[in-house]
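To keep things clear, I will list the structure first and then write my remarks on it.
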Amino acid sequence: MDWSLLESLGNSAVDRAGEVARTGYRTSEGGQAGQVQVRWVGPRGSGARYQEQEQLQRCQAVLRSWGFETVEVRGPGGRRYLEVEAGLG
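Using the working numbering, the first residue of the sequence shown is number 325, and each one after it goes up by one.
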């Protein structure tokens with residue numbers, strides 16, 4: 325599965341120093357094989373944290389319509405992210 329498809333929903337960008345430069349979705353490997361984490365991130369002071377729940381719910385709806393299995397999780401500091409796996413069908 326090409327998980328980069330997930331970032332087509334609007335990915336975040338990083339600058340030369342590796343700092344987040346644009347608000348958007350960020351994907352990374354999940355804790356289990358075949359799993360991906362999707363986060364809503366933005367530059368410091370962008371307010372991305374306050375958009376997180378709404379944007380992840382939007383992403384979750386799209387991913388489910390594409391047949392992915394998704395679960396919203398609260399991580400360290402109460403930050404939300406999605407755990408995503410390919411659906412069975």
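Note that beta-carbon positions come from the ideal geometry of N, C-alpha and C, so glycine has one too. Quantities reported herein were computed from a predicted structural model and do not represent experimental measurements.
Item to complete: Identify whether G369 lies in helix, strand or coil by the three-state DSSP scheme.
Response: Coil, per DSSP.
task: With DSSP as the reference, label L412 as helix, strand or coil.
output: Note: L412 maps to coil in three-state DSSP.
For E376 and W364, which I take to be in contact (beta-carbon distance under 8 Å), what is that distance rounded to the nearest angstrom? 5 Å between Cβ atoms; contact.
Proximity winner among G355, A345, E393, T347, relative to G399 (alpha-carbon distances) | That would be G355, whose Cα lies nearest to the Cα of G399.
* **Between the CA atoms of D339 and P367 - distance to the nearest angstrom** => The alpha-carbon atoms of P367 and D339 are separated by roughly 10 Å.
*asked:* For R350, tell me which candidate among V344, A341, G342, V362 has the shortest Cα-Cα distance.
replied: Of the listed residues, the one whose Cα sits closest to R350 is V362.
Do you know offhand how far G371's Cα is from G348's?
One alpha carbon belongs to G371, the other to G348, and they sit about 12 Å apart.
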